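In this note's numbering, the protein residues as written are 62 to 459. No residue lacks a Cβ here, since even glycine has one placed at the ideal position from N, Cα and C. None of these values were measured; they are calculated from a predicted model. Everything below concerns the one structure shown next.
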């Protein structure tokens, strides 16, 4: 199992960097502006990528069986993209990943998932490719622009809230995988942090789906009500923006909430949110290192440097290399010119992954898992996050 994980990690890194190479030469994964053209080009791109994955894993024999299943997954994701691009959903900052998850859940819990569709449900590979591409958007120059105050707040919030969440999950009797994923999701940046942590610790997809569902469900009322609370309390734009950016767990929801408070509040909200996002790579690295060292193997009393390297998720290295490459090897002007194309394909891989998570998950699993303790832990940790971040926002920006 460990060998398979290592191999999948390297495949994800290779596909992500081939994607980056193609985009930097001036080509684009998606062509045209109409839905049909973009769907066809997206399907071709993913099909070619999975063919490369099959070649690298030396299992091309079943590739033709994969194509019809892949087409269905792509079409499901297309419906999610159409829903997310409506003016109402854009206004509320609700992203395509939420619709991908919901549609996948509806299919899984109504008509069910046929056996012929399952070859295209490769959640972990899609997630890892997206995460390596995500590294290209975490730039050193942007970290500097985020400023000392944003970094100070983010570091204080991430470390304190993460530790509190981890302690709370332990008190509620949750296992180490849940503890890691919930703590990262609440304290760092929601969905992306949960995905990165799950990949770093080789977490269960059902647990990941559960945490992601909690992140998206809880983010919606926070996005709607927190701006009004900030107005009622008479917070300054800086404090209100920092509070929103430090607590709401999805970037789209942060932008939507910040916009309702004005341009100044939105600036501080995005500054703090981005400051937390740039900590994702560092957090994933240390989580991976901790997990690799602490996880016990039957053949080792204490992990050696070799076994730590074997267990360490290679997609995290891909994330770090992509970040450094875009920060120092390319000109800022060139990075700006291709940023949109990379962001588009990164979001596409994540949307495919969320569709697959939904297809693999039953509603009964979400609401009955661990007798509701993960949901309780997440909500209590998020309440702590709201009050602690409010205090830090007043101290730093007040």
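Can you tell me whether residue i is buried or exposed, with buried defined as 16 or more other CB within 10 angstroms of its CB?
i	result
residue 347	exposed
residue 282	exposed
residue 448	exposed
residue 442	buried
residue 248	buried
residue 289	exposed
residue 172	exposed
residue 387	buried
residue 304	buried
residue 82	exposed
residue 149	exposed
residue 147	exposed
residue 315	buried
residue 188	buried
residue 268	buried
residue 122	exposed
residue 393	exposed
residue 177	exposed
residue 100	buried
residue 310	buried
residue 216	exposed
residue 195	buried
residue 336	buried
residue 360	Because residue 360 carries a pLDDT of 43, less than 50, the predicted location of this residue cannot be relied on, and the following value inherits that uncertainty. When all chains shown are included, residue 360 counts as exposed.
Pull up the CB-CB distance for residue i and residue j, whole angstroms please, since I reckon it's below 8 Å.
i	j	result
residue 214	residue 333	6 Å
residue 273	residue 418	7 Å
residue 193	residue 408	The Cβ separation is near 14 Å, so there is no contact.
residue 375	residue 71	5 Å
residue 76	residue 190	5 Å
residue 238	residue 69	Contact flag wrong, Cβ pair sits at about 18 Å.
residue 108	residue 128	6 Å
residue 440	residue 279	7 Å
residue 241	residue 258	5 Å
residue 277	residue 159	5 Å
Given this structure, state the Cα-to-Cα distance separating residue i from residue j, to the nearest angstrom.
i	j	result
residue 302	residue 115	46 Å
residue 252	residue 270	10 Å
residue 395	residue 384	15 Å
residue 358	residue 162	For residue 358, the predicted structure reports a pLDDT of 47, less than 50, and the residue's modelled location is therefore unreliable. The matter cannot be settled from this model.
residue 89	residue 145	22 Å
residue 266	residue 416	12 Å
residue 421	residue 166	8 Å
residue 243	residue 438	8 Å
residue 350	residue 378	12 Å
residue 126	residue 381	35 Å
residue 143	residue 152	14 Å
residue 182	residue 174	10 Å
residue 179	residue 423	15 Å
residue 297	residue 200	29 Å
residue 78	residue 340	22 Å
residue 291	residue 307	14 Å
residue 131	residue 450	42 Å
residue 219	residue 402	30 Å
residue 111	residue 233	41 Å
residue 141	residue 245	26 Å
residue 456	residue 250	21 Å
residue 464	residue 124	Outside the shown range of the chain, which is 62 to 459, sits residue 464, and nothing can be said about it.
residue 454	residue 345	25 Å
residue 104	residue 406	12 Å
residue 319	residue 119	49 Å
Problem - Inter-stretch contact at 8 Å, needing at least 3 Cβ pairs: the stretch 213 to 231 / the stretch 404 to 418 - result: Cβ pair count under 8 Å is below three, so no.
Problem - Secondary structure, beta strand (DSSP E): runs of 3+ residues fully inside the stretch 109 to 188 - result: Runs of the beta strand (DSSP E) inside the stretch 109 to 188: none found.
Problem - Runs of alpha helix (DSSP H) lying entirely within the stretch 287 to 317, each at least 4 residues, in chain order - result: List check, alpha helix (DSSP H) in window: 298 to 308.
Problem - Contiguous alpha helix (DSSP H) assignments of at least 4 residues, all confined to the stretch 198 to 260 - result: Fully enclosed alpha helix (DSSP H) runs of 4 or longer: 201 to 232 and 237 to 245.
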